[in-house]
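Participant: In this text, residue positions in the sequence shown follow UniProt numbering: the first is 1, and each later residue adds one. For every residue, glycine included, the Cβ atom is placed at its ideal position computed from N, Cα and C.
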Amino acid sequence: MEMNEKPTPGVEKREFKGAIPLGNVRPAGLNSTEAMVGSVYHQLGEKKFVDLVAAFYRGVAKDEILRAEYPEEDLGPAEIRLRLFLIQYFGGPSTYSEHRGHPRLRARHFAFTVNRDTRERWLKHMRAAMDEVSLPPAIDALMWDYFERAATAMLNTAD
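1. Among 80, 74 and 65, whose alpha-carbon lies nearest the alpha-carbon of residue 51?
2. Go ahead and pull the three-state DSSP assignment for residue 117.
3. DSSP on residue 77, reduced to helix/strand/coil?
4. In whole angstroms, what separates the C-alpha of residue 136 from that of residue 126?
5. Do the CB positions of residue 128 and residue 45 come within less than 8 Å of each other?
6. Could you tell me whether the Cβ atoms of residue 82 and residue 121 are closer together than 8 Å?
7. Cutting at 6 Å between CB atoms, please list the residues of its own chain near residue 92, excluding the five before and the five after it.
8. In chain order, what residues of the same chain lie with their CB nearer than 8 Å to the CB of residue 70, ignoring the 5 residues before and after it?
9. Would you identify the three-state DSSP class for residue 173, choosing helix, strand or coil?
10. Taking the alpha-carbon of residue 160 as reference, which of 74, 86 and 152 has the nearest alpha-carbon?
11. Which value, in whole angstroms, describes the spacing of the CA atoms of residue 145 and residue 89?
The following block contains the structure:
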């Protein structure tokens, strides 16, 4: 601890080694959610993200309502974009931003109808994909929380 830095009551500061912090131990300078998000990629590895997003798009391909929202005939480019975004968001390489700039999620989704039904469908397919790839419980909870919040933030059309 630096000389002028005051300890946070109940929080032990330790050097961050990339594992999900347990209890109230967290890396210096990060809150517990930031620490967990930053370590997810390192905990799961890239293959888990590849498998997760592939499983998600298999579901989307069979969903008549959601599939209609994707302008490309082939879902492959959308799969790559989502995979790169999730890898970056959850602590991996910044390839998404290097190729596409700032994520601007709401702006990028504004052209599509995102109402409660499409939100629920999107979440249904993501939940199925997460279950298929069997994420560790703490990571599953963290990612699911993010997906629910992000899907709600994308709402742009009344029911």
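Facilitator: Once the coordinates are examined:
1. 80
2. In the structure shown, residue 117 sits in a helix (DSSP, three-state: H, G or I).
3. Residue 77 falls in the helix class under three-state DSSP.
4. 15 Å
5. no
6. no
7. Taking residue 92 as the centre and dropping the five residues before and after it, the same chain places the C-beta of 41 closer than 6 Å to its C-beta, in chain order.
8. 60 and 78
9. Residue 173 lies beyond the range of the chain shown here (1 to 159); nothing can be said about it.
10. The chain is shown only over 1 to 159; residue 160 falls outside these bounds and no answer can be derived.
11. Residue 145 and residue 89: Cα-Cα distance of roughly 13 Å.
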